[in-house]
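Working notes, structure below.
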Amino acid sequence: MGPLNDIQAIAQENSTRELIVVTFIGVVQIVILMVLILCFIGRRYPIWAKIGLIIHPSCIFTGVLMAWWIPYFFGLGAEEKAERYQTMFGNTHSFLPVMHGIVPNTLHTIFHVTLFLCILLTIYISFRDRKRTRS
């Protein structure tokens, strides 16, 4: 992916075991969500499925805010993260200015914006579907 990631820097900061565990957790989450979505394809989602499809990415987004954007904008926890983030992401492309020693790289920024848009779209579709079934 060229300047968007630095695999060697990530391997320098994380053990192979840590990377495998984090990747496995992410894959399991995606598989569970995909199974949930496929179980109801073409049918109305029950309220528990809609809520789950909103809460899960919202929890991930909360983590994104705490790990990246709150330290970036407000400096809370930035001191602890700055050196590690610089090691892992210092050689990757970013278009935002450095603030509090942190700058979210382009790939993270794209992912975070996409995640936020997916949450908004899921909320919109859930409420739109609810209105349509009542009228």
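Residue numbers (my numbering): 271 to 405.
All C-beta atoms in this analysis are idealised placements derived from N, C-alpha and C, irrespective of residue type, glycine included.
Which residue wins for smallest C-alpha separation from residue i, given the options the options?
i, options, result
"PHE344", "ILE321, ILE372, GLU353 and TYR355", "ILE372"
"VAL298", "HIS326, LEU390, TYR355 and GLN356", "HIS326"
"MET358", "ALA279, ILE290, LEU274 and TYR342", "ALA279"
"PHE386", "ARG354, ILE330 and MET336", "ILE330"
"THR392", "TYR315, VAL301, THR286 and ILE302", "TYR315"
"SER364", "GLU353, THR379 and LYS351", "THR379"
"THR376", "THR362, VAL305, GLY333 and GLU349", "THR362"
"ASN275", "GLY360, ILE389, SER396 and ARG398", "GLY360"
"VAL368", "ALA281, PRO341 and VAL291", "PRO341"
"PHE397", "LYS320, LEU335 and MET304", "LYS320"
With a threshold of 16 other CB atoms inside 10 Å of the CB of residue i, please say whether the residue is buried or exposed.
i, result
"TRP338", "buried"
"THR293", "exposed"
"TYR394", "exposed"
"LEU366", "exposed"
"PRO273", "exposed"
"LEU323", "buried"
From the DSSP output, in three-state form, read off residue i for me.
i, result
"PRO273", "helix"
Over the uninterrupted alpha helix (DSSP H) stretch that includes residue i, give me the two end residues.
i, result
"PRO316", "Premise fails: PRO316 is in no alpha helix (DSSP H) and is neither H nor E."
Regarding residue i and the ligand FMN, is the C-beta to nearest heavy atom distance less than 7 Å?
i, result
"VAL298", "This structure lacks the ligand FMN; in fact it carries no ligand of any kind."
Could you tell me which uninterrupted beta strand (DSSP E) segments, each at least 3 residues in length, are contained entirely in the segment 283–312, listed from first to last along the chain?
none
Please specify which runs of the alpha helix (DSSP H), each continuous and at least 4 residues long, are wholly inside the segment 338–398, giving them in chain order.
Uninterrupted alpha helix (DSSP H) stretches at least 4 residues long and entirely within the segment 338–398 occur at 340–344 and 348–359, given in chain order.
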